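Numbering (our numbering), first residue to last: 161 to 277.
Idealized CB from N, CA, C, for every residue including glycine.
Treat the numbers as computed from the prediction; the structure is a model and nothing was measured.
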């Protein structure tokens, strides 16, 4: 089973950048969508960006033009490049992979992103 480990979070000022990494313990060649979700304490996780197995991408409107998502199957890694960060981007960011086998979905442990005003 693929396990995911996020890294790259931290504290950054408004307008700054971060590059989050989601490293898989195994091959992601067969993995379908891989997405980044943000969760503010007390709220549900919300999809921020997703990359499909064919490397198509989609973003929530609030991050379009600021965030990019990329996937390298050879490195078993997905990245979320976050530019022009805003305080409202502050959240714990989780990586999720849709698997073609049980348990069909797996999450990483999350990485905190804090944007100061």
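Residue pairing for residue 227: DSSP places it in a beta bridge opposite 242. Looking from the CA of residue 250, the closest CA among 263, 177, 162 belongs to 177. Cβ contact annotation for residue 199 (same chain, cutoff 6 Å, sequence separation greater than five): 205, 251, 252, in chain order. Per DSSP, residue 194 is one residue of the beta strand (DSSP E) stretching across 194–199. If you check the CB distance, residue 239 and residue 181 come in under 7 Å. In this structure, residue 257 and residue 191 form a Cβ contact; the two beta carbons are roughly 5 Å apart against a cut-off of 8 Å. Residue 214 carries a coil assignment under DSSP once its states are collapsed to helix, strand and coil. Note that the C-beta distance between residue 271 and residue 169 is below 7 Å. Contact annotation: residue 173 and residue 244 have beta-carbon atoms that are not nearer than 7 Å.
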